[in-house]
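Enquirer:
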Amino acid sequence: MAYWLVKSEPDAFSWDDQVKRGKKGEPWSGVRNHTAKLNLMKMKTGDRAFFYHSNVGKEIVGVVEIAREAYSDPTAEEGSPWVCVDTVAVEPFKTPVTLDQMKADPKLSEMALIKFSRLSVQPVTAAEWKHVCKLGGVKA
DNA sequence: GCCAACGTTGGC
DNA sequence: GCCAACGTTGGC
């Protein structure tokens, strides 16, 4: 299984919104960056991702699962190359893990979140996943 | 094909 | 609200 991190501005789509979608999930659409798109295309059903609130909060607030692999993004122009996946809420963090916390943690110094701060869909290593789950108070 | 200008993202 | 980082666009 692979691990990921996806970003959303809570003003646009928050963790609470994701939870409200229930098992139906929500299309993770609107990605318009090729690096992010490549990551979306690598996702498999059952992969897990951290749900990160950018701008407001700047913290990981929960875990989502990939419920549907990459398909043509319905919010993009017809014939455009953009894709989205469906995400379903799995579990909220007991304690949100903040950006400051991750920056200060030597175990997480190589995280894409810190090194490529503008990438909205990014891979997370198994070691990082485990560690952040621990900080967040959830099972890896 | 280079690079300056511009737009967008996201932390501060 | 500002600005740094980065991607994209367009003139040459």
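So the working numbering is basically just the index in the first sequence, starting at one, shifted up by 2. In this text, a Cβ means the ideal position worked out from N, Cα and C, and glycines have one as well. These numbers were taken from a predicted model, which means no experiment stands behind them.
(1) Tell me, to the nearest whole angstrom, how far the beta carbon of Val63 is from that of Pro94; I am working on the premise that it is less than 8 Å.
(2) Could you pull out every residue in the same chain whose Cβ sits closer than 8 Å to the Cβ of Ala114, ignoring the five residues on either side in sequence?
(3) Between Trp117 and Val58, what straight-line distance do the alpha-carbon atoms span, to the nearest angstrom?
(4) Considering only DSSP beta bridges, list what Arg70 is partnered with.
(5) Going residue by residue through the stretch 15-77, where are the continuous beta strand (DSSP E) segments of at least 3 residues, counting only ones entirely within it?
(6) Between the stretch 75-94 and the stretch 103-112, can you find at least three pairs of beta-carbon atoms closer than 8 Å?
(7) If I measure Cβ to Cβ from Ser74 and keep anything under 7 Å in the same chain, skipping five residues before and after, which residues do I get?
(8) Output yes or no for whether 8 Å exceeds the beta carbon distance between Gly27 and Ala69.
(9) Compare the Cα-Cα distances from Val21 to each of Gly139, Val66 and Pro98 and report the closest residue.
(10) If you reduce the DSSP assignment to three classes, tell me which class Pro108 lands in.
(11) So, with DSSP's three-state summary, where would you put Lys141?
(12) In angstroms with no decimal places, state the Cα-to-Cα distance between Gly138 and Pro76.
(13) Does the Cβ of Leu40 have 16 or more other Cβ atoms within 10 Å, making it buried, or fewer, making it exposed?
Expert: Once the coordinates are examined:
(1) Walking along the first sequence from the start, residue 63 turns up at place 61. Walking along the first sequence from the start, residue 94 turns up at place 92. So it is a contact: roughly 6 Å between Cβ atoms.
(2) To locate residue 114, count along the first sequence from 1; it is residue 112. If we look at Ala114 and ignore the five residues flanking it on each side, its Cβ neighbours are Leu7, Leu121, Gln124, Pro125 and Val126.
(3) Numbered from 1 along the first sequence, position 115 holds the residue referred to as residue 117. Numbered from 1 along the first sequence, position 56 holds the residue referred to as residue 58. Here residue 117 turns out to be Lys, not Trp, going by the sequence shown. In a straight line, the C-alpha of Lys117 is about 19 Å away from that of Val58.
(4) Reading the first sequence from its first residue, position 68 is the one you call residue 70. Note: Arg70 sits in a beta bridge opposite Asp88.
(5) 28-30, 50-55 and 61-74
(6) no
(7) The residue you call residue 74 lines up with position 72 of the first sequence. Hits under 7 Å: Val85.
(8) As a first step, residue 27 must be located in the first sequence, where it is residue number 25. As a first step, residue 69 must be located in the first sequence, where it is residue number 67. Taking 8 Å as the Cβ cut-off, Gly27 and Ala69 qualify as a contacting pair.
(9) The residue labelled residue 21 in the question sits at position 19 within the first sequence. It is Val66 whose Cα lies nearest to the Cα of Val21.
(10) The residue labelled residue 108 in the question sits at position 106 within the first sequence. Helix.
(11) As a working mapping, residue 141 is identified with position 139 in the first sequence. Coil.
(12) The residue you call residue 138 lines up with position 136 of the first sequence. The residue you call residue 76 lines up with position 74 of the first sequence. Taking the straight line from one Cα to the other gives about 33 Å.
(13) Here residue 40 refers to the residue found at position 38 of the first sequence. Its Cβ having fewer than 16 others within 10 Å, Leu40 is exposed.
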